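One structure is given here, and the rest of the page talks about it.
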């Protein structure tokens with residue numbers, strides 16, 4: 164498994180966030196391809212003080228594929244929209260070597276945007292190449 168922390172996501176105050184989770188078990192290093200779903204756990208709230216959305220689980224993400232979603236409209240692999248959400252999300256993926264990317268922009272991405280890599284919350288997975296895998300991202 165891989166656990167990813169998306170430190171801040173928002174669909175409030177004229178902003179929207181998108182995120183991608185890549186299943187990188189297809190590679191040139193001989194890694195065994197893996198597939199599985201990701202459970203998305205939301206922490207924070209929604210516009211007007213509502214509770215964070217309930218956790219949702221994606222369909223199976225094949226090796227070499229990406230789950231891609233936007234808070235306002237949802238995404239592939241069965242991920243529903245979470246309009247008005249603001250907070251953080253922890254993705255629990257049922258495959259090793261998941262990596263995440265997120266962006267925040269004004270709605271329509273006309274004036275401003277910011278992007279970051281999700282933090283990997285797990286300890287090192289050992290050697291995929293000749294080096295130990297890195298944890299967390301900057």
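Numbering (the numbering used here), first residue to last: 164 to 301. Cβ coordinates follow ideal geometry from the N, Cα and C atoms, glycine included. Please read all numbers here as calculations on a predicted model, not as lab measurements.
Bridge partner(s) assigned by DSSP for residue i
i: residue 284; result: Answer is none; residue 284 lacks a bridge partner.
i: residue 278; result: 266
i: residue 194; result: DSSP output for residue 194 lists no bridge partner at all.
i: residue 204; result: 253
Buried versus exposed, by CB contacts within 10 Å (16 or more), residue i
i: residue 297; result: A caution first: residue 297 carries a pLDDT of 48, below 50, which makes its placement in the model unreliable, though a value can still be read off. Classification of residue 297: exposed, given that the 10 Å Cβ count is below 16.
i: residue 216; result: buried
i: residue 258; result: buried
i: residue 197; result: buried
i: residue 206; result: exposed
i: residue 179; result: buried
i: residue 193; result: exposed
i: residue 270; result: exposed
i: residue 188; result: buried
i: residue 165; result: buried
Residue range of the unbroken beta strand (DSSP E) whose run includes residue i
i: residue 255; result: 248 to 256
i: residue 230; result: 229 to 233
i: residue 170; result: 165 to 173
i: residue 184; result: 178 to 186
i: residue 211; result: Counting along the chain, residue 211 falls outside any beta strand (DSSP E), and DSSP gives it neither H nor E.
field: Segment contact, 8 Å Cβ cut-off, at least three pairs: the stretch 169 to 177 with the stretch 238 to 249
entry: yes
query: Are there three or more Cβ pairs, one per stretch, closer than 8 Å when the stretch 268 to 278 is compared with the stretch 210 to 228?
result: no
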